[in-house]
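See structure below.
Number of protein chains: 2
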Amino acid sequence: MASSDWPESIAANRAPGTAGALIPAIARAHRALGQKLLQGTGLRTGQELVIMLLGDSPGKSQAEITRWLGVEPPTTAKMLARLERAGFVERVRSGDDRRKVLVSLTDKGRALPQRVGELWDELNRTATAGLSDSDQLELERLLLRVLENLTPDDALDDLGS
Amino acid sequence: MASSDWPESIAANRAPGTAGALIPAIARAHRALGQKLLQGTGLRTGQELVIMLLGDSPGKSQAEITRWLGVEPPTTAKMLARLERAGFVERVRSGDDRRKVLVSLTDKGRALPQRVGELWDELNRTATAGLSDSDQLELERLLLRVLENLTPDDALDDLGS
DNA sequence: ACGAAAACATTAGCCGACTTACTAATATTC
DNA sequence: GAATATTAGTAAGTCGGCTAATGTTTTCGT
């Protein structure tokens, strides 16, 4: 299998609790397949998260999007600039608070969430192929715990609207 | 907790098998903490994997490193060029096969694997905090399965030396 | 009221990762 | 032995992510 021939220093870390090298590897593979599936939508991996968020909650400020993604502000700014240039979103300065930039899907962008949802389902099915329902729930439970463990405390309250 | 207030389109995908948005989120958090821990070593996240590999198996070609990382050739080339410029590795053309470039740690680079190993342990402990040993093993089992599911078949045999 | 602090967004520059060419060297095949 | 295919590495350009520094606008404390 994919891990049995790793060098010693890495194999040594495969005692209980070795998410160490596993997490980056899974992230790359997950991203690679996601990229492949998104072919034809005009999106790159990462952008689809914003599209889904805006599909449900239009008019969010960049800061809100930033906090929800768990990312730094410049990442959001660049990504949204590209999505705007591609015609998927539009950004307008808020009248209430002129520091904020409110983001929404354009007509062109509004066609995306449904397709992205389908692709997510497909990606999830591929990732969890061969796992029983209880295994999937267990995996989800464990991953949530890991995410909490890795998330700085001061970011935990920023996910709601 | 960190996931209870996600928008509907994402919450909807949280039925059994929702690694979907969880994997990228964990990857970001994992990378962020890794970056923080690597402060002072002179390495960026991603580079430490190469350092560990070369610590155990010096003289590997870039193609071997590339396959082992599960990455595309240009990624390895750029990264190694930077590691070389930083003085951690050295690259020499192979005499046997002059297409190949063999990579090894320099004296400066040889100091890194031990420290990186310690930091990996710390990162793993943080990530799996609160999980029982059996939970950790279960998580590892499930993640390996997901990695296999996401890895194209033609890459599965490239991990040995 | 006013000055300091905080929040929002952007710019510039770096790195990891990708795709799409492209060159150079080795293997194959005829 | 020469034409062809495969393998190794590089170059250029794109995007997601980061840090550090800058400019605006609100908000807060005195």
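Chains as they are written, first to last, in my numbering: chain G, 4 to 164; chain L, 4 to 164. Glycine included, every Cβ here is placed at the ideal spot set by N, Cα and C.
Which two residues bound the contiguous beta strand (DSSP E) that contains residue i?
| i | result |
| --- | --- |
| residue 105 of chain G | 104-108 |
Span of the alpha helix (DSSP H) holding residue i?
| i | result |
| --- | --- |
| residue 93 of chain L | Where residue 93 of chain L is concerned, there is no enclosing alpha helix (DSSP H), although the beta strand (DSSP E) it sits in stretches over 92-96. |
| residue 87 of chain L | 76-88 |
| residue 66 of chain L | 65-72 |
| residue 124 of chain L | 115-130 |
| residue 46 of chain G | Taken as a continuous stretch (DSSP letters only), residue 46 of chain G belongs to no alpha helix (DSSP H), as it is neither H nor E. |
| residue 144 of chain L | 136-153 |
| residue 58 of chain G | 50-59 |
Look at the Cβ atom of residue i, then the Cβ atom of residue j, and state whether they are nearer than 8 Å.
| i | j | result |
| --- | --- | --- |
| residue 90 of chain G | residue 54 of chain G | no |
| residue 117 of chain L | residue 86 of chain L | no |
| residue 68 of chain G | residue 106 of chain G | yes |
| residue 108 of chain L | residue 44 of chain L | no |
| residue 73 of chain G | residue 24 of chain L | no |
Apart from the five residues on each side of it in sequence, which residues of its chain come closer than 8 Å, Cβ to Cβ, to residue i?
| i | result |
| --- | --- |
| residue 40 of chain G | 122, 125, 126 |
| residue 110 of chain G | none |
| residue 140 of chain L | none |
When the Cα atoms are used, what is the spatial distance from residue i to residue j?
| i | j | result |
| --- | --- | --- |
| residue 165 of chain G | residue 79 of chain G | Shown here, chain G extends from 4 to 164; a query on residue 165 of chain G therefore has no answer. |
| residue 154 of chain L | residue 99 of chain G | 48 Å |
| residue 131 of chain G | residue 149 of chain L | 6 Å |
| residue 95 of chain L | residue 60 of chain L | 15 Å |
| residue 92 of chain G | residue 30 of chain G | 27 Å |
| residue 145 of chain G | residue 82 of chain L | 32 Å |
| residue 147 of chain L | residue 134 of chain G | 12 Å |
| residue 171 of chain L | residue 42 of chain L | A question about residue 171 of chain L goes unanswered here, because the residues of chain L that appear run from 4 up to 164. |
| residue 15 of chain G | residue 136 of chain G | Residue confidence for residue 15 of chain G is low, a pLDDT of 45 falling below 50, so the modelled location carries little weight and cannot support an answer. |
| residue 152 of chain L | residue 138 of chain G | 14 Å |
| residue 76 of chain L | residue 84 of chain L | 12 Å |
| residue 36 of chain L | residue 70 of chain G | 17 Å |
| residue 129 of chain L | residue 129 of chain G | 29 Å |
Could you say which of the options lies nearest to residue i if we only look at CA atoms?
| i | options | result |
| --- | --- | --- |
| residue 48 of chain G | G/34, G/120, G/138 | G/34 |
| residue 97 of chain L | L/76, L/63, L/84 | L/63 |
| residue 88 of chain G | G/77, G/129, G/128, G/46 | G/46 |
| residue 38 of chain G | L/42, L/38, L/151, L/27 | L/27 |
Considering only residues of the same chain and omitting the five flanking positions on each side of residue i, which have a CB-CB separation below 6 Å?
| i | result |
| --- | --- |
| residue 65 of chain G | 79, 104 |
Looking only at its chain, what residues have a beta carbon closer than 7 Å to the beta carbon of residue i, apart from the 5 residues adjacent to it on each side?
| i | result |
| --- | --- |
| residue 52 of chain G | 72 |
| residue 57 of chain G | 63, 92, 106, 107, 108 |
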